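> In full-length UniProt numbering, the protein residues as written are 1 to 288. Every residue, glycine too, gets a C-beta built ideally from N, C-alpha and C. Keep in mind the model is a prediction, meaning the values are calculated, not measured. Let me begin by handing over the structure; questions about it come next.
Structural data, given as structure tokens:
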């Protein structure tokens, strides 16, 4: 009887797979944006754009930062539609307002990362799509260059997260689907599964309950496709504390658990008969 449950808790796929990090924020443009972005290198060009009292489009000009801008100006500031190329070959195509990336536009980085969407104050703000060179994508809301709000993240390995973000991290309600078809639905805190949630394994096993730091911790229930069932306490992905385990043939153990093994005082219920028992690390030492 003591070893009958030695395999009733299989290693959780959630422990390693749920630790997937989100795609990084848009590579910071603060490192390339400077006050000299909008100052033409040529003094005649500088005077020309300063005198643009209405939105006026000018041909490509080289800036003092050695970048190039082609587009619309107003009172010496980039304002309207334009194309800007920095000296590191980062390219922005879209709208400007008072010398800042503002409105809708696309930025392509030298490493192949692309962001396309809404901008405010030189940063990704609003709705946008960010595709990394490795084909991972994020589609959703942004705030100050970070994923913030509702969004969808997809990896080339057919892994997908859909849910809430706060300051670039999964935070709030969300759902993640793995390449083998297993999935988690529930709460996230700072990129980790934490709170109440449900995990469905591809082979039919199912857990619902509490989580902490990507692991089953707290009160929960596990269901197996062959009819086995556990309800009770978990810690670090293992049954730990008080719980009840039911086998597919109807036999029941009610009692203590330690790191996934029956431990301490408990009861065995079989064929309508209830007997006291004592376990030590999964080994039955007393059966009355």
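Work out the CA separation of residue 76 and residue 193 for me, nearest whole Å.
Going from the Cα of residue 193 to the Cα of residue 76 covers about 50 Å.
> Starting from residue 91, trace the beta strand (DSSP E) in both directions and tell me its first and last residue.
It spans 91-97 - the beta strand (DSSP E) in which residue 91 sits, taken as one unbroken run.
> Applying the criterion that 16 or more other CB atoms from any shown protein chain within 10 Å of the CB defines a buried residue, is residue 214 buried or exposed?
Per the 10 Å Cβ criterion, buried.
> Can you name the start and end residues of the alpha helix (DSSP H) that residue 44 belongs to?
Run containing residue 44: 43-50, per the alpha helix (DSSP H) assignment.
> If we ignore side chains and look at the alpha-carbon of each, how far apart do residue 279 and residue 133 end up?
Looking at the two C-alpha atoms, the distance is approximately 55 Å.
> In this structure, how does DSSP classify residue 182 when only helix, strand and coil are distinguished?
Residue 182 falls in the coil class under three-state DSSP.
> Answer yes or no: do residue 101 and residue 88 have a C-beta to C-beta separation smaller than 9 Å?
No; because the gap between Cβ atoms is not below 9 Å, this pair is not in contact.
> For residue 182 versus residue 199, is the C-beta spacing smaller than 9 Å?
Yes. Within cutoff.
> Select from 248, 261, 242 the residue whose C-alpha is nearest the C-alpha of residue 254.
For residue 254, the nearest C-alpha among the options comes from 242.
> Hey, residue 67 and residue 80 are a contact pair by Cβ (cut 8 Å); roughly how many whole angstroms apart?
Not really, about 18 Å apart at Cβ, beyond 8 Å.
> With the cut-off set at 9 Å, would you say residue 143 and residue 149 are in Cβ contact?
For residue 143 and residue 149, yes; Cβs fall inside 9 Å.
> What are the partner residues of residue 150, as DSSP defines its beta bridges?
DSSP output for residue 150 lists 164 as bridge partner(s).
> Any idea if residue 51 is buried or exposed, counting beta-carbon neighbours within 10 angstroms, 16 or more meaning buried?
The residue in question, residue 51, is exposed, as its Cβ has fewer than 16 Cβ neighbours within 10 Å.
> Residue 204 and residue 197 - do their beta-carbons sit closer together than 9 Å?
No, these two residues do not count as a Cβ contact at 9 Å.
> Mapping DSSP to helix, strand and coil, what is residue 217?
If DSSP states are grouped into helix, strand and coil, residue 217 belongs with the strands.
> Hey, how far is the Cα of residue 159 from the Cα of residue 177?
Their backbone Cα atoms lie some 6 Å apart in a straight line.
> By DSSP's criteria, residue 76 is part of a beta bridge. Which residues make up the other side?
Answer is none; residue 76 lacks a bridge partner.
> The beta strand (DSSP E) that contains residue 116, what's its start and end?
Here the beta strand (DSSP E) through residue 116 covers 114-120.
> Please classify residue 202: is it buried, with 16 or more other beta-carbons within 10 angstroms of its beta-carbon, or exposed?
Result: exposed.
> Does the separation of the CB atoms of residue 209 and residue 188 fall below 9 Å?
No.
> Using beta-carbon positions only, say whether residue 250 and residue 234 come within less than 9 Å of one another.
No; because the gap between Cβ atoms is not below 9 Å, this pair is not in contact.
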